[in-house]
Amino acid sequence: MAWEARREPGPRRAALRETVMLLLCLGVPTGRPYNVDTESALLYQGPPNTLFGYSVVLHSQGANRWLVVGAPTANWLANASVINPGAIYRCRIGKNPGRTCEQLQLGSPNGEPCGKTCLEERDNQWLGVTLSRQP
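Residues -33 to -1, 1 to 102 in mature numbering (1 follows the signal peptide of the UniProt record, and there is no 0) are what the sequence shown lists, from first letter to last.
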């Protein structure tokens, strides 16, 4: 029958196939990483052990420009009782010689009620793990 005529590839054929694949992989050009501007880079530092810089987005409003930075394990300045809620920082670009960043205060420091018998859970919420900007 026709299916019996097909033979499994032998060790020679398998070795040839692997050699051809290896040569193809070595011959394909690879991408190389690069930085657009390394001479005038802006470096901002946040609190240690907060994953400061985990996510970043550029934002502008009129003549003001900011780098908005997420720090998913940061603590809030306004409420120390919340454990590692995460934070979002705003770092001004230009006219900021100290390269300082300001923690944005989002929501009520004491939490918002979510019903008669509960309070919103804010411990370990990883605020700032993703950031996006609407045009």
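Yeah, the Cβ is synthetic: ideal placement off N, Cα and C, and Gly gets one too.
Remark: C-beta atoms of Pro39 and Gly53 approach each other more closely than 7 Å. By the C-beta density criterion, Ala30 is exposed, having fewer than 16 other C-beta atoms within 10 angstroms. As a beta-bridge residue in DSSP terms, Gly37 pairs with Ser22 and Ile55. DSSP places Glu(-16) in the helix class (H, G or I) of the three-state scheme. When the five nearest sequence neighbours on each side are left out, the beta carbons in the same chain lying within less than 7 Å of the beta carbon of Gln70 are those of Leu44, Ala54 and Tyr56, in order along the chain. Its chain contains Val35, Leu98 and Arg100 as the residues whose beta carbon lies nearer than 6 Å to that of Val24, once the 5 sequence neighbours on both sides are disregarded; these appear in chain order. Around Cys81, the same chain offers Glu87 as residues with beta carbons nearer than 7 Å, after the five sequence neighbours per side are excluded. The bridge partners DSSP lists for Glu69 are Arg57.
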